[in-house]
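Undergrad:
Protein chains: 2
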Amino acid sequence: MTMKDIARQLGVSVATVSRALSDSPSISRERREAIQAYAREHNYMPNAIAEQLRHSRNSPVKVIGVIVPEFVHYYFASVLTGIEDEATARGYRIVVARSAESYDRERDICARFMQSKVCGVIVSQAKDTVQYDHFERLQATGVPLVFYDRICPALNASRVVVDDYMGTLKAVSYLIERGCRRIAYYGTDMNMEIAKNRYNGYKDALYKNGLSLDETLVQVCDNRADAERITPRMMRMAERPDGFFAVNDDTALGILNSVQRLHFVVPDEVQICGFTNDWRATSCEPMLTTVEQRGMEVGRQAVDVLIGLVEGSLPADHAEKRVVKTNLIVRGTTR
Amino acid sequence: MTMKDIARQLGVSVATVSRALSDSPSISRERREAIQAYAREHNYMPNAIAEQLRHSRNSPVKVIGVIVPEFVHYYFASVLTGIEDEATARGYRIVVARSAESYDRERDICARFMQSKVCGVIVSQAKDTVQYDHFERLQATGVPLVFYDRICPALNASRVVVDDYMGTLKAVSYLIERGCRRIAYYGTDMNMEIAKNRYNGYKDALYKNGLSLDETLVQVCDNRADAERITPRMMRMAERPDGFFAVNDDTALGILNSVQRLHFVVPDEVQICGFTNDWRATSCEPMLTTVEQRGMEVGRQAVDVLIGLVEGSLPADHAEKRVVKTNLIVRGTTR
DNA sequence: AAATTATGTGCAATCGTTTGCGCATAACAT
DNA sequence: ATGTTATGCGCAAACGATTGCACATAATTT
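First to last, the sequence lines map onto chains F and W.
Going by our numbering, the first sequence opens with residue 108, and the numbers climb by one from there.
Going by our numbering, the second sequence opens with residue 108, and the numbers climb by one from there.
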């Protein structure tokens, strides 16, 4: 069913069909209604591809490319939910691809996005990614780029992040307030911007509360398996930690599991705080205190920024930086 | 950068450019190489939209529409991962939309998919969905449809499901083997096909082991909150259950939490088995015995079936039914 | 009755590609 | 010198939609 089919059947030109379907007043009422009726009955639907091609010169195609490192992580899934929600509400569609934390895939995805003429790209970098030629190429072509969470500091691009610094600062301050004096920090290596901010929040929380930084308590560790390897060593130190802050809940759960295996009582002897607030935070015993990362809100904001860039309410070369507030969710203080 | 630009610069026709770029032998070597060099230097990329429009008559567009009820559930996220993986590997792209368990959104999504001429649709029904006009419309238009997990039995469509019956049967048999005699069943209402199969697996496991079915042990309950409401009542029964089977891990965790709150010891006094094997199954104490649902494999198979339908290796009206095997993952028998 | 103005349609170009066909020019055989 | 074949390239139509412009015909004004 194309306009041509309708035109042929009704003995008019496709131009007339086009105008009739868009309620143009320059078509007589009878014809217009006849055409509309025919179209409805044979449930005609405009071919989106043709429309896109036609409009691609003036107005950009309302499709947003989204790159996500993995689907199966709660945080990314919730960001995706926020993106989908906001985009749909504002009349955009999304095409989603997964980098699987690989630079090569990320690169391919960007190329495909350029070819399919997405109006903009929302992305959280793969862990692998240390060169940015693919992102730069997008920018050079004039495709607006919005990073979320794992931003690319080397690029002058828009970004939506959570308040890593304050989130961590509040969390660590809370541990101190609850009596911890030797708080361990488990984080990713300091390459990613996000890592530095959280680490600074940790340090400042210590300083503000008159505690000093002990390098032996700072570990590069961002997953459960590593946490379960490292934690027993930590707990056997002469002066063992009495509190742990981890940059994500997976790691925090590894710590929890390890210390419980060593028969320490949480939270009486050891207190633990994570980051994200994923499903697991309420399924362990005791439940996990954690910093809520509000992925949905991050996703929504990212779309808002992108559409601003696309529709020109933000200047094209402007790099908007938005910060989404975090909340500390306190749990498991009593059974 | 379009072919026209290249053609103008090099003083040839676009047809020549097109042929040169596709390595047609009908273009002289020098011209071909000159054109290719020029294209490479100015990094020309073919406009995918135009290509799609051109090819839409003969060969269908290599884009698969995917509908997922929610992103933030482990199982759906893993199916999505499998879909993305297989589709990408076979040269297809995916456009993903989330129904948010709503029929209205599902309907809109299908309409958009039709307009954007996806070559096929992979979908797991929203819980809301009780009429199928939108799916029928897709079928009528000749768009292949593959259901996963939550299939639509009323439609003669392809489907990929896990082995719900055997998975449940093995799980319940295992509970019996471990000494349980009064096993409660928490499942969704019997509307969905998947619910019936699991329930049958439960019943048959009882019968095969000489146990009788006690209706009071069968509950409509498929989420944590409900499980935490219902379970205390169950445990106060004169003859309380000594085992629980739940149709998903969320529910199983609700049961676990409830019985532990009542100071029953798991697994000594009560044994629990879930379904899915999501992240949480290893973050509770004791860890959860559960049926592994293998979402990635389901996703891959769904794509395989769909591409078969699209490319004609399967007859278009054929309804392929695939079953992915489940595994019982035993955990938490000892600390 | 002639000139003007509405009113309703169709023609054709356009978006960026692909591709069947035809037209040159050159090389070969007769 | 004429006919045949090969080689290299361009024209134009097609995919499905939109839209400025021209052109009818009818209704109005002068």
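For each residue, glycine too, the CB sits at the ideal point set by N, CA and C.
Taking the beta carbon of N304 of chain W as the centre, do at least 16 other beta carbons fall within 10 Å, making it buried, or is it exposed?
TA: Burial call: buried.
Undergrad: Whole alpha helix (DSSP H) runs in the segment 259 to 346 of chain F with 4 or more residues, listed along the chain?
TA: As far as the segment 259 to 346 of chain F is concerned, its whole alpha helix (DSSP H) runs of at least 4 residues are 271 to 284, 300 to 315 and 331 to 342.
Undergrad: When Cβ atoms are compared, which residues of the segment 207 to 237 of chain F fall closer than 7 Å to chain W?
TA: Answer set for the segment 207 to 237 of chain F: R219, M221, Q222, S223 and K224.
Undergrad: May I ask which residues mark the beginning and end of the alpha helix (DSSP H) holding G361 of chain W?
TA: G361 of chain W -> alpha helix (DSSP H) spans D356 to R368.
Undergrad: Using Cβ-Cβ distances below 9 Å, what residues of the segment 132 to 156 of chain W are close to chain F?
TA: Within the segment 132 to 156 of chain W, the qualifying residues are N150, M152, P153, N154, A155 and I156.
Undergrad: Pull up the DSSP beta-bridge partners for K445 of chain W, would you.
TA: The displayed coordinates of chain W run from 108 to 442. Any statement about residue 445 of chain W would go beyond what the structure contains.
Undergrad: Spatial neighbours of D240 of chain W within its chain, please: CB distance less than 7 Å, with the 5 preceding and 5 following residues excluded, ordered by chain position.
TA: Closer than 7 Å at the Cβ level, and outside the excluded window around D240 of chain W, lies no residue.
Undergrad: Is R197 of chain F helix, strand or coil when you go by DSSP?
TA: Coil at R197 of chain F, not helix or strand.
Undergrad: Classify P393 of chain F as buried or exposed, calling it buried when 16 or more other Cβ atoms lie within 10 Å of its own Cβ.
TA: Classification for P393 of chain F: buried.
Undergrad: Quick one: list the residues of chain W neighbouring T188 of chain F, beta-carbon separation under 8 Å, in chain order.
TA: Going along chain W in sequence order, the residues near T188 of chain F (Cβ under 8 Å) are E177, F178, V179 and R205.
Undergrad: So does the segment 206 to 218 of chain F actually touch the segment 180 to 188 of chain F, counting three or more Cβ pairs closer than 8 Å?
TA: Flag = no, the segment 206 to 218 of chain F and the segment 180 to 188 of chain F do not touch.
Undergrad: Quick one: what's A247 of chain F bridged to in DSSP?
TA: According to DSSP, which records beta bridges pairwise, A247 of chain F is partnered with nothing at all.
Undergrad: Do A291 of chain F and P251 of chain F come within 7 Å of each other at the CB atom, strictly closer than that value?
TA: The answer is no: Cβ separation not under 7 Å.
Undergrad: Do the segment 299 to 313 of chain F and the segment 331 to 350 of chain F touch if we need at least three Cβ pairs shorter than 8 Å?
TA: At 8 Å Cβ cutoff, the stretches do not touch.
Undergrad: Which ranges would you report for the alpha helix (DSSP H) in the segment 397 to 426 of chain W if only whole runs of at least 4 residues count?
TA: Those alpha helix (DSSP H) runs which fall completely within the segment 397 to 426 of chain W and span 4+ residues are 402 to 418.
Undergrad: Closer than 7 Å by C-beta to S125 of chain W: which residues in its own chain qualify, once you throw out the five before and the five after it? Chain order, please.
TA: Contacts found: M110.
Undergrad: Looking at C-beta atoms only, is the number of pairs between the segment 144 to 162 of chain W and the segment 217 to 234 of chain F that lie closer than 8 Å three or more?
TA: The answer is yes - the segment 217 to 234 of chain F touches the segment 144 to 162 of chain W, with three or more Cβ pairs under 8 Å.
Undergrad: Using 8 Å as the Cβ pair cut-off and three pairs as the minimum, do the segment 167 to 177 of chain F and the segment 185 to 195 of chain F touch?
TA: Touching, per the Cβ criterion.
Undergrad: To the nearest angstrom, report how far apart W386 of chain F and S206 of chain F are at their CA atoms.
TA: Distance between the alpha carbons of W386 of chain F and S206 of chain F is about 23 Å.
Undergrad: What residue range does the alpha helix (DSSP H) around Q159 of chain F cover?
TA: That run of the alpha helix (DSSP H) goes A155 to H162.
Undergrad: Between S125 of chain W and chain F, is any beta-carbon pair separated by less than 7 Å?
TA: Answer no: the Cβ-Cβ gap between S125 of chain W and chain F never drops below 7 Å.
Undergrad: Along chain F, in chain order, which residues have C-beta atoms closer than 7 Å to that of L360 of chain W?
TA: Simply S390.
Undergrad: What is the rounded straight-line gap between the Cα of T358 of chain W and the Cα of R136 of chain F?
TA: Computed Cα separation, rounded: 59 Å.
Undergrad: Which same chain residues, not among the five before or five after R257 of chain F, have their C-beta less than 7 Å away from its C-beta?
TA: These residues qualify, in order along the chain: S231, Q232, M299 and I301.
Undergrad: Counting along the chain, where does the alpha helix (DSSP H) carrying F220 of chain F start and finish?
TA: Y210 to Q222 is the extent of the alpha helix (DSSP H) around F220 of chain F.
Undergrad: I'd like to check one pair, T396 of chain F with G356 of chain F: are the Cβ atoms closer than 7 Å?
TA: A small fix is needed here, since residue 356 of chain F is Asp in this sequence, not Gly. No, Cβ-Cβ distance for D356 of chain F and T396 of chain F is not below 7 Å.
Undergrad: Give a yes or no on whether the minimum CB-CB distance between R387 of chain F and chain W is below 7 Å.
TA: Closer than 7 Å to some Cβ of chain W, the Cβ of R387 of chain F qualifies, so yes.
Undergrad: In three-state terms, what does DSSP make of Y181 of chain F?
TA: Looking at Y181 of chain F - three-state DSSP - the assignment turns out to be helix.
Undergrad: Taking the straight line between their C-alpha atoms, what separation do you get for C226 of chain F and A264 of chain W?
TA: Those two C-alpha atoms are separated by around 35 Å.
Undergrad: Considering just the uninterrupted stretch of the beta strand (DSSP E) at V168 of chain F, what are its terminal residues?
TA: Unbroken run through V168 of chain F: none, as it is neither H nor E.
Undergrad: So, H162 of chain F versus M108 of chain F, is the Cβ gap smaller than 7 Å?
TA: No; because the gap between Cβ atoms is not below 7 Å, this pair is not in contact.
Undergrad: Measuring CB to CB, does V70 of chain W end up less than 7 Å from I190 of chain W?
TA: The structure shown has nothing for residue 70 of chain W, since chain W only spans 108 to 442.
Undergrad: Is any beta-carbon of chain F found at less than 7 Å from that of Q159 of chain W?
TA: Taking Cβ atoms only, chain F reaches closer than 7 Å to Q159 of chain W, which makes this a yes.
Undergrad: Out of curiosity, what's the CA-to-CA distance linking V373 of chain F and D321 of chain F?
TA: Cα to Cα, the separation comes out at about 22 Å.
Undergrad: What in chain W is Cβ-close to E191 of chain F, meaning under 9 Å?
TA: By Cβ distance, chain W contributes F178, V203, A204, R205 and A207.
Undergrad: Along chain F, which residues have their Cβ under 7 Å away from the Cβ of P184 of chain W?
TA: Here residue 184 of chain W turns out to be Ala, not Pro, going by the sequence shown. Under the 7 Å cutoff, chain F gives F178, V179 and A184.
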